[in-house]
Amino acid sequence: MNYIVYVEGVENSFYTYSSKGNLYKIGDCVWVTFRRRKKIGIILSYDELANHEFKVSEILGRVEEEVSYSEEIIKLFLWIQKYYLCNFGDVVKISRPKNIKSSYSKRIIFNRSVIPMNIEEKEFIDYISKKQSVTKTTMLKHFGKELLEKFINSQVVLEKNEIKENKYIKNMNNGIEYKYNRKESHLTREQEVVKNMILDGEKRYYLLKGITGSGKTEVYIELVKDALENNGGAIFLVPEISLTPQMIDRFRREFHEIAILHSRMTAKERALEWGAIYSGEKKVVLGVRSAIFAPVKNLKYIIIDEEHEGTYKQDSNPRYNAKYVAIKRAELEGCKIVLGSATPSIESYYYAKTGVFKLLELTKRYGNATEPTMRLVNMKDEKSDFFSESLIEEITVKLRREEQIMLLLNRKGYSTFVQCHSCGHTEMCPHCSISLSYYKKDGIYKCNYCEYTKKFSNKCSSCGEKTLDFSGKGTERVESELNELFNIPILRVDSETTKTRDSHKKIYDDFLNKRYSIMVGTQMISKGFHFPEVTLVGIINSDSILNFPDFRAGEKTFQLVSQAAGRAGRAKKEGEVIVQTFQPDNYVIQKIIANDYVGFYEEEIDNRKILSYPPFSRIINIIISSKKEEGLEEYSTEFYNEIKSDKVEIYGPMTPPIEKISGNYRNQIFIKGSRNEINRIKIKIAEIVLKYKSKDRKNIYRIIVDVDPINLM
Ligand code: ADP
Ligand code: ZN
Numbered sequence: 022m023n024y025i026v027y028v029e030g031v032e033n034s035f036y037t038y039s040s041k042g043n044l045y046k047i048g049d050c051v052w053v054t055f056r057r058r059k060k061i062g063i064i065l066s067y068d069e070l071a072n073h074e075f076k077v078s079e080i081l082g083r084v085e086e087e088v089s090y091s092e093e094i095i096k097l098f099l100w101i102q103k104y105y106l107c108n109f110g111d112v113v114k115i116s117r118p119k120n121i122k123s124s125y126s127k128r129i130i131f132n133r134s135v136i137p138m139n140i141e142e143k144e145f146i147d148y149i150s151k152k153q154s155v156t157k158t159t160m161l162k163h164f165g166k167e168l169l170e171k172f173i174n175s176q177v178v179l180e181k182n183e184i185k186e187n188k189y190i191k192n193m194n195n196g197i198e199y200k201y202n203r204k205e206s207h208l209t210r211e212q213e214v215v216k217n218m219i220l221d222g223e224k225r226y227y228l229l230k231g232i233t234g235s236g237k238t239e240v241y242i243e244l245v246k247d248a249l250e251n252n253g254g255a256i257f258l259v260p261e262i263s264l265t266p267q268m269i270d271r272f273r274r275e276f277h278e279i280a281i282l283h284s285r286m287t288a289k290e291r292a293l294e295w296g297a298i299y300s301g302e303k304k305v306v307l308g309v310r311s312a313i314f315a316p317v318k319n320l321k322y323i324i325i326d327e328e329h330e331g332t333y334k335q336d337s338n339p340r341y342n343a344k345y346v347a348i349k350r351a352e353l354e355g356c357k358i359v360l361g362s363a364t365p366s367i368e369s370y371y372y373a374k375t376g377v378f379k380l381l382e383l384t385k386r387y388g389n390a391t392e393p394t395m396r397l398v399n400m401k402d403e404k405s406d407f408f409s410e411s412l413i414e415e416i417t418v419k420l421r422r423e424e425q426i427m428l429l430l431n432r433k434g435y436s437t438f439v440q441c442h443s444c445g446h447t448e449m450c451p452h453c454s455i456s457l458s459y460y461k462k463d464g465i466y467k468c469n470y471c472e473y474t475k476k477f478s479n480k481c482s483s484c485g486e487k488t489l490d491f492s493g494k495g496t497e498r499v500e501s502e503l504n505e506l507f508n509i510p511i512l513r514v515d516s517e518t519t520k521t522r523d524s525h526k527k528i529y530d531d532f533l534n535k536r537y538s539i540m541v542g543t544q545m546i547s548k549g550f551h552f553p554e555v556t557l558v559g560i561i562n563s564d565s566i567l568n569f570p571d572f573r574a575g576e577k578t579f580q581l582v583s584q585a586a587g588r589a590g591r592a593k594k595e596g597e598v599i600v601q602t603f604q605p606d607n608y609v610i611q612k613i614i615a616n617d618y619v620g621f622y623e624e625e626i627d628n629r630k631i632l633s634y635p636p637f638s639r640i641i642n643i644i645i646s647s648k649k650e651e652g653l654e655e656y657s658t659e660f661y662n663e664i665k666s667d668k669v670e671i672y673g674p675m676t677p678p679i680e681k682i683s684g685n686y687r688n689q690i691f692i693k694g695s696r697n698e699i700n701r702i703k704i705k706i707a708e709i710v711l712k713y714k715s716k717d718r719k720n721i722y723r724i725i726v727d728v729d730p731i732n733l734m
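Taking the working numbering, the leading residue of the sequence shown gets 22, the next gets one more, and so forth.
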């Protein structure tokens, strides 16, 4: 039998290997010889071609300590490699914890006796013949490398790997039976209808559009129960920031057999969870992006919560989007997939409108909760850039009633732009072409791209004058301005205050128990949180991302503000939202205030159509970068000329919005075209990238190909 094999570390091609008889299956890890070296390979498929012109070498054996992949997962890897133009090895690497291999010890086994030539040899033979089998380490310690190798080569002793039990994967032959005494669910009528549409539906793909607080999570839980009752499993994906302790508790209470996978866990914790899924002990996974690769058996449902979130797309290699990988996996495993959001991505809603996904809706908040009222404030008419008079008034009212307030601001730090008004100098990052942010409490400047830091001195680093202006307000600044107005402790939530492992839980508990009345935070606070006492949400700078050079800027603004607004009035008390803006006439802001997703979608989809942006086209972003500025443009132009095609629009090479990041100068090529043409040009790009990788300047220039990019900076 011949097999197509991926050889670890060899990315340009797959290779054919054989075995006598049909010894292996797809997904097995095997030892192969590649260019005279022993390497690990993964079996990708059977090679139907019986006669090869070249000599096919034989597989040396199974890698005993490795865990096999399922056939579906292998097919998924192959799809990702082809679709995202990434290395197969990069996909394999992120798909499971590194340390999931079984541990083994190398042992020396006695094989046959020979006549010893000297005392040393006699000791060796006596020792091993008496013991029969000893670890290699012990043998090396007693007799040294030379002697041991001599006897191995003459086959007096044999080397053998002894596999120990896998620390992480239990043998499930006796099977754990869980008792299901779950509390009975009481879905609302609307929720019940949606649930049944999915359970009984013929379709594979569903988009659940449910307003904030409508109980989408209740529906998801019912689906997971259905999977378990039918002896199957489920994967439930959430964006990193909404995997809060609250969410985890909620699912743990409901399901004993749940595995949690996220990036804050230690390698060991992750391996334990992964092993429990692999063995079948745990059947449900709640996790972030890479949990889409979890080896859940008999997969019945994949659920993607907050499906509009950009964080499902990985911003480093392999640049996959877990949402689209999930859709592909659902197809390969024959299971259903539910994408859920209060503000679906324009693309998903379009697919729902055109019948690719089945559209399901939840239109009412659970219980008697009503949707919050929305109020727009034109900041052009206000004295302060921070808080409008209406916002201050409302905060005062809510504080007097002992209710709670959440304020959203899309930036951390004290100031993102520090300039000297004597000489005009701006504090810039020496490695990136952006200004440094000032963090007052820590007394430092920091680059939000490369984490470069330097001490803050209150003096201009160019002219030495103490005339610094602080603009570009961040959460820390808002916190301190608020303190001057209200003089009460404020809970600040951003990536700076949530660095420690338990900070999320503490923040959640503190606010729920009303130890604080006001929470100020970045987009971290806009999702998932359910605080019944929050009656006011203030959006400090609703247009901060509206003017980004990104065709999704409007969509991202709509989603962020609507999600944050959804934190207000989720229980008995009515909620109110104040949206501060400098662009009150912008249609995005108008539709946010009108709480009109469909109206927003209709405007947005028309724009996309006119400019032929996704979903009416596909895009690829190529970044060519180098530590050397000189020659970069010529190199990029050369590359551009090779991929040029009149079937797609190709822009560039041009300087991207952020020219330099972490000392790398960057050049950008942007490609837009129909799905078919993009698929065609991908093949060409892959070939040319490969060619450039073996060229003489490969160490000077780096080429990043981002298919379906989310981040265009
Ligand atoms: P969403 O995810 O749509 O924003 P949630 O699922 O968080 O909404 O539901 C909002 C709140 O309403 C939660 O506290 C949830 O427990 C409650 N809730 C929703 N549906 C039900 C139900 N059928 N029975 C009991 N509580 C419910
Ligand atoms: Zn930097």
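Quick reminder that beta carbons are idealized off the backbone N, C-alpha and C, glycines included.
Output the residue ranges of the alpha helix (DSSP H) runs that lie fully inside the region 232 to 309 and measure 4 residues or longer, sorted by chain position.
Counting only runs of 4 or more, we get 237 to 250, 266 to 275, 288 to 299.
Cβ of Thr518 within 7 Å of any heavy atom in the ligand ADP?
Position 497 of the sequence shown holds residue 518. Thr518 Cβ: outside cutoff for every heavy atom of the ligand ADP.
Mind checking Gln335: buried by the 16 CB within 10 Å criterion, or exposed?
Counting from 1 along the sequence shown, the entry for residue 335 is found at position 314. Classification of Gln335: buried, given that the 10 Å Cβ count is 16 or more.
In chain order, what residues of the same chain have a beta carbon less than 6 Å from the beta carbon of Ala707, not counting five sequence neighbours either side?
Mapped onto the sequence shown, residue 707 falls at position 686. Same-chain partners within the cutoff: Leu106.
For the pair the region 272 to 283 and the region 310 to 327, tell me if three or more CB-CB distances fall below 8 Å.
yes
Exposed or buried, Ala615, counting other C-beta atoms within 10 Å across all chains shown (16 or more means buried)?
Indexing the sequence shown from 1 puts residue 615 at position 594. In summary, Ala615 is exposed, with fewer than 16 beta-carbon neighbours lying within 10 Å of its beta-carbon over all protein chains present.
According to DSSP, simplified to helix, strand and coil, what is Ile426?
Your numbering for residue 426 matches position 405 in the sequence shown. Ile426 falls in the strand class under three-state DSSP.
Tell whether a beta-carbon distance below 8 Å holds between Ile599 and Leu412.
As a position in the sequence shown, residue 599 is number 578, starting the count at 1. As a position in the sequence shown, residue 412 is number 391, starting the count at 1. Cβ distance < 8 Å, so Ile599 and Leu412 count as in contact.
For the beta strand (DSSP E) containing Glu183, list its first residue and its last residue.
Reading the sequence shown from its first residue, position 162 is the one you call residue 183. That run of the beta strand (DSSP E) goes 178 to 184.
I want to check one thing, is the minimum distance from the CB of Gly236 to the heavy atoms of the ligand ADP below 7 Å?
By 1-based counting over the sequence shown, the position of residue 236 is 215. Under cutoff, so the answer is yes.
Is the beta carbon of Lys518 sitting closer than 8 Å to the one on Leu430?
Counting from 1 along the sequence shown, the entry for residue 518 is found at position 497. Counting from 1 along the sequence shown, the entry for residue 430 is found at position 409. According to the sequence shown, residue 518 is Thr rather than Lys. No, these two residues do not count as a Cβ contact at 8 Å.
I'd like the span of the beta strand (DSSP E) that includes Asp147, first residue to last.
Walking along the sequence shown from the start, residue 147 turns up at place 126. Note, Asp147: premise wrong, no beta strand (DSSP E); alpha helix (DSSP H) at 140 to 152.
Which one of Leu264, Leu258, Lys374 has the shortest CA to CA distance from Tyr322?
Position 301 of the sequence shown, counted from the first residue, corresponds to residue 322. Closest by alpha carbon: Leu258.
Quick one: what's got a C-beta closer than 6 Å to Glu403's C-beta in the same chain, skipping five residues either side?
Within the sequence shown, numbered from 1, the residue matching residue 403 stands at position 382. Only Ser409 meet the Cβ criterion.
Alpha carbon of Glu341 to alpha carbon of Val728, nearest angstrom:
As a working note, residue 341 is residue 320 in the sequence shown. As a working note, residue 728 is residue 707 in the sequence shown. The sequence as given places Tyr at residue 341; Glu does not occur at that position. Between Tyr341 and Val728, the C-alpha separation is close to 8 Å.
Limits of the alpha helix (DSSP H) - the one that Ile95 falls within
Working through the sequence shown from its first residue, we reach residue 95 at position 74. Run containing Ile95: 92 to 105, per the alpha helix (DSSP H) assignment.
Counting only the same chain and skipping the five closest in sequence on each side, list residues whose C-beta sits under 8 Å from that of Ile455.
For the purposes of this step, residue 455 is taken as the residue at position 434 of the sequence shown. Same-chain partners within the cutoff: Met449, Cys468, Asn469, Tyr470, Ile679.
C-alpha distance - Lys15 paired with Ser538, whole-angstrom precision:
Residue 15 is absent from the structure shown; the chain starts at 22 and stops at 734.
Around the Cβ of Met395, are there at least 16 other Cβ atoms within 10 angstroms (buried) or fewer (exposed)?
If you number the sequence shown from 1, residue 395 lands on position 374. Buried, by the Cβ-count rule.
Taking only three categories from DSSP, how would you classify Glu87?
Position 66 of the sequence shown, counted from the first residue, corresponds to residue 87. It is coil, neither helix nor strand.
Identity of the residue in Leu733, Tyr387, His73 nearest Gln689 by Cα
Taking the first residue of the sequence shown as 1, we reach residue 689 at position 668. Looking at the Cα atoms, Leu733 is the closest of the given residues.
Taking three-plus beta-carbon pairs below 8 Å as touching, is the region 288 to 297 in contact with the region 227 to 239?
no
Candidates Lys59, Tyr36, Ser39, Ile63: which alpha carbon is nearest Gly48's?
Start at 1 with the first residue of the sequence shown, and residue 48 comes out as number 27. The candidate whose alpha carbon is nearest that of Gly48 is Ile63.
Alpha carbons only, please: which of His525, Leu307, Leu557, Glu183 is nearest the one belonging to Lys157?
For the purposes of this step, residue 157 is taken as the residue at position 136 of the sequence shown. Nearest of His525, Leu307, Leu557, Glu183 to Lys157, Cα basis: Glu183.
Rounded straight-line distance, which links the Cα of Lys166 to that of Asn139:
Counting from 1 along the sequence shown, the entry for residue 139 is found at position 118. Counting from 1 along the sequence shown, the entry for residue 166 is found at position 145. If I take the Cα positions, the gap works out to 17 Å.
Is the closest heavy atom of the ligand ADP to the C-beta of His329 under 7 Å?
For the purposes of this step, residue 329 is identified with residue 308 of the sequence shown, where counting begins at 1. Checking the Cβ of His329 against the ligand ADP gives no.
Please identify the residue among Asn508, Phe550, Phe507 whose C-alpha is closest to the C-alpha of Ile528.
Counting from 1 along the sequence shown, the entry for residue 528 is found at position 507. Selected option, being the one with the closest Cα: Phe550.
In whole angstroms, what separates the C-alpha of Glu211 from that of Lys593?
Within the sequence shown, the letter at position 190 stands for residue 211. Within the sequence shown, the letter at position 572 stands for residue 593. Distance between the alpha carbons of Glu211 and Lys593: 20 Å.
Burial state of Cys441, where buried means 16 or more other Cβ atoms lie within 10 Å
Numbered from its first residue, the sequence shown carries residue 441 at position 420. Answer is buried; the Cβ neighbour count reaches 16.
Just to check my reading of the structure: Tyr189 and Ile121 have Cβ atoms closer than 8 Å, yes? What is that Cβ distance to the nearest angstrom?
Here residue 189 corresponds to residue number 168 of the sequence shown, with the count starting at 1. Here residue 121 corresponds to residue number 100 of the sequence shown, with the count starting at 1. Going by Cβ atoms, the distance from Tyr189 to Ile121 rounds to 6 Å, so yes, they are a contact pair.
Quick one: what's got a C-beta closer than 6 Å to Asn108's C-beta in the same chain, skipping five residues either side?
The count along the sequence shown starts at 1 and reaches residue 108 at position 87. Answer for Asn108: Glu32, listed in chain order.
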